[in-house]
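Take a look at the structure set out below.
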Amino acid sequence: MTRLPTALALAAALCAASTAQPPAPPAGDAKARELFKAGKFDDALKELQALAKTDTKQPPPKVTLAAWFFEARQGPAARQMLEQAAAEDPTHPSVYLLNASFAFGEGRVTDTILSAQKVLELASNPRWNPQQRSRFLREARTALARSFEARQDWTAARDYLTEILKDDPKYGPARQRLATAVFRLGKPDEAFAELQRAYKDDPASELPELRMADLYAAANDAAKAEEWFKKAIAAHPKDPKAVRGYSIWLLNAGKGDAARQYADEAVKLDRAGEDTLKLQGLMARYSRDYAAAEKIFEGLHQQHPNDPFAAWNLALTLAESGDKEKQRRAVEVAEAEVRRNQQAPEGYAVLAWCCYKADRLDDAEKAVVPLIQAGGMPSRDAAYFVAKVLAEKGKYDVAANVLKAADQAHGVYVYRADAQKLLAEVEKKLPKKDEKK
Amino acid sequence: MAAPPYPARWSVLGRAAFPFRAVFVSLPRFAYRWFRGAPRWLQAVLLLVALGAGGSGGYYAFHTRMETLKHRKVGGAWQRFEQALRAGREPEMRAALDDVLAADPADARAARWRQALDTGEGDPGDPVMVFYTLGMNLRQGKLAEAAREADKRLAHEPHDWSARCVRAQAALARGDRAAANEELDKLISADDPRSNASPVNLLQAIHLFRALGRDTASLRNVAQNHVVEQLRRPSAQRRPPGEKALLVEFYAESFEPTADKPQPPAVAQGWAPAARLADQATDEAIEAGDLTALARIGRAGPRLDAGLRMLRRHDQITAEQFTDLSRELEDRTRRAWQAVRDKDPKNPEAYRGLADSYWRAGTAEGRRLALETTVEGLKATGGTPQLYLVFSNILKLLGHPEAAWNELSRAAEERPGEPVLWMLASEAAFAAGRRDLVLHACQKVREKDPDNRWATLTEARALLEGGYPQQAVELLLKFGEPALAAAPGAGRVFARALTEAGQESRVEGFLTLAEQAATKANAPEAAVAVLVGWSEARPADPERGRTIAARADRLLARWPDDPDLYRVRAAALFAAAEGTDPPWDQTRVREAAQAAERLRAKFPDDPEAATWLGWLRLAENKPERALADLAPLRTPEAAPRLTAPQIELLGAVYRRTGKLDEAVRLLKPAADAPEAPAGVFVQLALAYHDRGQPDEARAALERARNRPRTPREHADYVAAYRAIQR
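Chains as they are written, first to last, in the working numbering: chain A, 1166 to 1602; chain B, 14 to 739.
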């Protein structure tokens, strides 16, 4: 009993703590999150610690806090908190899962794989109950599958996805990804079978034929893609997703008239559907009917203020309107979206274009900086927007490189003609190779 | 007229004394004159005769006197003995017997008593002595000797309760539940004078009935009919503190244990006299230093507290009265335990009683004092397992099981000779969700005792809960199936392990063994435990649910009042209704609802019954009824303890009854928890959808899509997807 005085002190401390909190706090960590948002990190940590005491299945409080720091884009604080969590409980798989998540977000695929493999190892500790173990394994395998997808190691990705589906056969997203991996391994029939099962198990999954069409489209096999789009329409004549999918594909392929026919079909099947409205808005914008596009995207933006698609398209439509007031508003909408969603590179390109259209070239140039630093363009049209701004600023060599890269890429290219014209102009202004020498 | 025989001049006094003069003066004078004139030989003969008569008379008179004095002494000593015997004061009894034997060393009864006190063996021909030696052996914990004396007692008094109870207790101690039940079956009505039933016997019988899982209703009726009346009698006030405490303890037993009906009026009216008597007993016992009586008063505290709560529950006392009476009760209980602690600082029960009393206050201050008292007790007693158990329980309740593990494992390391400390540590580790530490504790126990039964069972439990059922089965099989079937704790783990290890076909046979054990013990625990373990096995299977319900019905036919059977039956039928594909087959829903209603009728506060009924009402498309059935979960007190599935259910009920804001308010924080189940997101998505927030609805549904789902949750998810997409 030599340490009983210590125990007494501990007891007093625990009881003092218990005076501040009820024995069983309510489910969820809403209060801790509020404290975190208010900048009271220590209080948030205390709240999470109290929560973890009543529910041993909760992840370590510092892991949760690290995740919140990461969400709040406070990387160093997130990393520091995660290191503390690892020091306190180095055998807790949640620590390595979050580490894997950080690594994947930063493009460190190998680190992601190492952390996820550590989770697989730690999950076998008898400390964890079957539900916890199952969650750790599922999340680790998901991270591994995603990492191997990024490496285009489709065999490894398929193996991990198969493991996930053994435990949860009705997990639609995983089965769809398995289908993709199998497709990439050159087994389209197996892929289609997996997609059919995914659709049967989870109605939120994509239509199997439509997904097959997308896979062929991504593989640049337009004939096969079109064949599967048609199969999708035949198999699901009442489902607007099939006709909408085909219509968008046609639109992106520059076959506006054919696309319109299927878009009309989609309207018949699902007039007020959000996706149908989006399709109609895109058609109007691509055909430069900005008034019609504005009306549709304005409605969508009001109805779904958090939807970046509606916001970006509304901004682009307003920017193209030629009305100074609307162009000013386009900048506001684009700026708001960038603030709301700072991780989306498309938003910076849209903002740059809106600023350019509103004659705010300096702001446009500022907006393209993150894209230039990132080194890649999110879409071909985005590349055109960036190149236009750079060209206006006299940075012809960078503009030319961006335009050339876009020309070789795949996907929608509404501004193809403008881009080609711009490239020709820019190339003229570039110093000749001989001159350089 | 003849002249008088005395002179006429004599006074009245002289005349009245004339006859005495004739006898005492004239006659001796005449005799003397005759003797003087008699012959010599006659004189000699007469003298010898006179001397002989005088000597004999004197001798006789002396001895008679001595004998009278001895009898008087022995009688007094026996009287003191009887008084000491009635009061149970053995030293005084021995002193009285010494006096008897000093006065009369040949007193055989005294010698027999002396021998009985020394050896604990009573004279079979002396029922009083046998009664005393029976109690004496019992007090000394010599159960086998007490049972021997009980046999002697029963030869004289075949219906004597105390003797029967002792025999039952001895049978129970040697693990022969059937024999114990047989003895208790022979108890006649306590109202029959031949039973010699006293509050002590009745309390003993109640404890035995409880230990054997028998219904104590008949004994409670005796308490309700007689004890309350005794509390009111003025003679109760004159009893010694120990007997007063005994009456109070017995009054505490008179409360109806189920909360579904009010307490009988006699019980409610008995509170005031019982409290008064308890106060007197406490005061007197403190003054007299009677620790036994004080401990009785202290031990009655928790039961009286439960009784008081039941009186309040049915408005048999007002809220103000409850507060006052509760405070008085706890003050008295603490006073009693404090007095015990002051007199006997090494008595762990005093610290435990005090800690319990502080904890019952339900305040932060109470919790603090409870923990401080326990730590103080650990310090004073050198750390008894009993107090470590309290310490661990308090820390677990405070949400600090890991602190309990730290302290207990440290104590266990320091005192390797006390494996019970590792056992307590493992319980704390279980509460902290640290199965790895549980296994470590088991390993520690096995290092000292490789065949330790507890360690094997706990390790099996940890393996099973860690998802290793086959290993648990292999470990448990060391005991053999018959032994596992007879031990409820082990039977439960084994039944679940068999099922989860894919050997469900063996469970029926195991259940038969458990039923045989239950029949032998005349108590259903063993069989119920197997059913509970079977129903706990994951993943749940609807057909298994129906089988378990059928087996529970079979057991209910034999033990119609067993609460666990009602619970396991309702759980099984609920699983059978929920687990079908698609869920909620209406016939099964009706069956399950009836079972849940029966359970709720027996146990109105059972949260599981309310939860099952809530889901079943929704399945019957009766959301308003579900809302009413879920009343126990909707109280402010219940809110902090709601589990995620209960939140999902409440959210669904609020949504279906149009209380959309309440649904979102409840579901949203639950959905923020990292381990929130898919069902919470499904209900949140539907609530958002109904509130006209399609983006939030879709986002919530997408989160449900990425979570593992039970078959019922998956069906709900698909239905929600279709509703939201429509």
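Every residue gets a Cβ at the ideal spot worked out from N, C-alpha and C, and that includes glycine.
Note that the structure is a prediction, hence the values are computed from the model and not measured.
Could you check which residue in B/Trp547, B/Asp462, B/Gly446 has the C-alpha nearest to that of B/Val433?
Looking up residue 433 of chain B in the second sequence gives position 420. Measuring from the Cα of B/Val433, the nearest candidate turns out to be B/Asp462.
From the DSSP output, in three-state form, read off B/Phe144 for me.
Here the question's residue 144 of chain B lines up with position 131 in the second sequence. Reduced to three states, the DSSP call for B/Phe144 is helix.
Less than 8 Å between CB atoms is the rule here; does A/Lys1396 satisfy it with respect to chain B?
By 1-based counting over the first sequence, the position of residue 1396 of chain A is 231. Not one chain B Cβ lies under 8 Å of A/Lys1396.
Which residues of the stretch 1362-1387 of chain A have a Cβ closer than 8 Å to any Cβ of chain B? Give them in chain order.
Asp1367, Pro1368, Ala1369
Integer Cβ distance of A/Gln1341 from A/Ser1370, believed to fall under 8 Å
Within the first sequence, numbered from 1, the residue matching residue 1341 of chain A stands at position 176. Within the first sequence, numbered from 1, the residue matching residue 1370 of chain A stands at position 205. Rounded to the nearest angstrom, the Cβ distance from A/Gln1341 to A/Ser1370 is 6 Å, consistent with a contact under 8 Å.
Within-8 Å CB hit, B/Leu452 to chain A
For this step, residue 452 of chain B is matched to residue 439 along the second sequence. Yes, because at least one Cβ of chain A sits closer than 8 Å to the Cβ of B/Leu452.
Boundaries of the alpha helix (DSSP H) in which A/Val1577 is found, first to last residue
If you number the first sequence from 1, residue 1577 of chain A lands on position 412. Where A/Val1577 is concerned, there is no enclosing alpha helix (DSSP H), given that its DSSP letter is neither H nor E.
Excluding the 5 residues flanking A/Phe1267 on each side, which residues of the same chain have their C-beta closer than 6 Å to its C-beta?
Here the question's residue 1267 of chain A lines up with position 102 in the first sequence. Correct list: empty, nothing qualifies.
Taking B/Asn719 as the query, report the chain A residues whose CB atoms sit under 7 Å from its CB, ordered along the chain.
As a first step, residue 719 of chain B must be located in the second sequence, where it is residue number 706. Near B/Asn719 (Cβ distances below 7 Å), the residues of chain A are Pro1338.
Chain B contact residues for A/Ala1195, given Cβ-Cβ distances below 7 Å:
Within the first sequence, residue 1195 of chain A is the residue found at index 30, counting from 1. Close to A/Ala1195, with beta-carbon spacing below 7 Å, are these residues of chain B in chain order: Pro682, Asp685.
Identity of the residue in B/Arg309, B/Leu232, B/Ala285, B/Arg245 nearest B/Glu256 by Cα:
Here residue 256 of chain B refers to the residue found at position 243 when the second sequence is read from its first residue. The residue with the shortest Cα to Cα distance from B/Glu256 is B/Arg309.
What does A/Lys1218 reach in chain B if we use C-beta pairs closer than 7 Å?
Mapped onto the first sequence, residue 1218 of chain A falls at position 53. Going along chain B in sequence order, the residues near A/Lys1218 (Cβ under 7 Å) are Gly412, His413.
Per-residue DSSP class, three states only, for B/Arg347:
As a first step, residue 347 of chain B must be located in the second sequence, where it is residue number 334. Correct three-state label for B/Arg347: helix.
Give the secondary structure of A/Ile1329 by DSSP, where H, G and I count as helix, E and B as strand, and everything else as coil.
Here residue 1329 of chain A is taken as the residue at index 164 of the first sequence, counted from 1. In this structure, A/Ile1329 counts as helix in the three-state DSSP scheme.
Could you tell me if B/Ala531 is buried or exposed, where buried requires 16 or more neighbouring beta carbons within 10 angstroms of its beta carbon?
Numbered from 1 along the second sequence, position 518 holds the residue referred to as residue 531 of chain B. Buried, since its Cβ has 16 or more Cβ neighbours within 10 Å.
Quick check: the stretch 583-590 of chain B against the stretch 634-641 of chain B, are there 3 or more CB pairs under 8 Å?
no
Buried or exposed: which applies to A/Ala1203, given that a residue is buried once 16 or more other Cβ atoms fall within 10 Å of its Cβ?
Stepping through the first sequence from its first residue, residue 1203 of chain A is reached at position 38. So A/Ala1203 ends up on the exposed side.
Any C-beta of chain B sitting closer than 8 Å to the C-beta of A/Pro1353?
Along the first sequence, read from residue 1 onward, the residue named residue 1353 of chain A stands at position 188. No - not a single Cβ of chain B is within 8 Å of the one on A/Pro1353.
Tell me whether A/His1469 sits in a helix, a strand or coil according to DSSP, three-state version.
Here residue 1469 of chain A is taken as the residue at index 304 of the first sequence, counted from 1. DSSP places A/His1469 in coil when its eight states are reduced to three.
Using the beta-carbon count (16 or more within 10 Å), is B/Trp284 buried or exposed?
Start at 1 with the first residue of the second sequence, and residue 284 of chain B comes out as number 271. Answer is buried; the Cβ neighbour count reaches 16.
Write down the C-beta distance between B/Glu170 and B/Leu216 rounded to the nearest angstrom, noting that I regard them as a contact closer than 8 Å.
Here residue 170 of chain B refers to the residue found at position 157 of the second sequence. Here residue 216 of chain B refers to the residue found at position 203 of the second sequence. So it is not a contact: roughly 19 Å between Cβ atoms.
Hey, is the stretch 698-718 of chain B in contact with the stretch 650-670 of chain B, meaning 3+ C-beta pairs nearer than 8 Å?
yes
Contacting positions in the stretch 1455-1480 of chain A - beta carbon closer than 9 Å to chain B:
Gln1468, His1469, Pro1470, Asn1471, Asp1472
Quick check on the burial criterion: 16 or more other C-beta atoms within 10 angstroms. Buried or exposed for B/Phe94?
Counting from one through the second sequence, the residue named residue 94 of chain B turns up at place 81. Buried is the call here.
Measuring straight from C-alpha to C-alpha, what distance separates A/Asn1417 and A/Arg1316?
Position 252 of the first sequence holds residue 1417 of chain A. Position 151 of the first sequence holds residue 1316 of chain A. If I take the Cα positions, the gap works out to 27 Å.
Would you give the residue range spanned by the alpha helix (DSSP H) that B/Thr624 belongs to?
Numbered from 1 along the second sequence, position 611 holds the residue referred to as residue 624 of chain B. Unbroken alpha helix (DSSP H) run through B/Thr624: 620-632.
Three-state secondary structure assigned by DSSP to A/Met1377
The sequence position of residue 1377 of chain A within the first sequence is 212, counting from 1. In this structure, A/Met1377 counts as helix in the three-state DSSP scheme.
Could you tell me whether the Cβ atoms of A/Gly1337 and A/Asp1367 are closer together than 8 Å?
Within the first sequence, residue 1337 of chain A is the residue found at index 172, counting from 1. Within the first sequence, residue 1367 of chain A is the residue found at index 202, counting from 1. Taking 8 Å as the Cβ cut-off, A/Gly1337 and A/Asp1367 qualify as a contacting pair.
Residue of B/Ala540, B/Asp120, B/Ala51, B/Gly50 minimising C-alpha distance to B/Lys83
Numbered from its first residue, the second sequence carries residue 83 of chain B at position 70. When only C-alpha atoms are compared, the closest one is B/Asp120.
Range covered by the alpha helix (DSSP H) that runs through B/His2
Beyond the ends of chain B as shown, which are 14 and 739, falls residue 2 of chain B; an answer cannot be given.
Check distances from the C-beta atoms of the stretch 435-461 of chain B to those of chain A and list, in chain order, the residues that come in under 7 Å.
Ala445, Gly446, Arg447, Arg448, Asp449, Leu452
Note down, in chain order, every chain A residue with its Cβ under 7 Å from the Cβ of B/Gly480.
Locating residue 480 of chain B in the second sequence gives position 467, counting from the first residue. Asn1294, Pro1295, Arg1298, listed in chain order.
Kindly confirm or deny that the stretch 1512-1525 of chain A and the stretch 1487-1502 of chain A touch, where touching means at least three C-beta pairs closer than 8 Å.
yes
N-terminal and C-terminal residue of the alpha helix (DSSP H) that B/Pro212 is part of
The residue given as residue 212 of chain B occupies position 199 in the second sequence. 212-224 is the span of the alpha helix (DSSP H), which, as asked, contains B/Pro212.
Using CA atoms only, rank isn't needed, just tell me which of B/Thr670, B/Pro617, B/Leu673 is closest to B/Leu646.
Here residue 646 of chain B is taken as the residue at index 633 of the second sequence, counted from 1. Closest by alpha carbon: B/Pro617.
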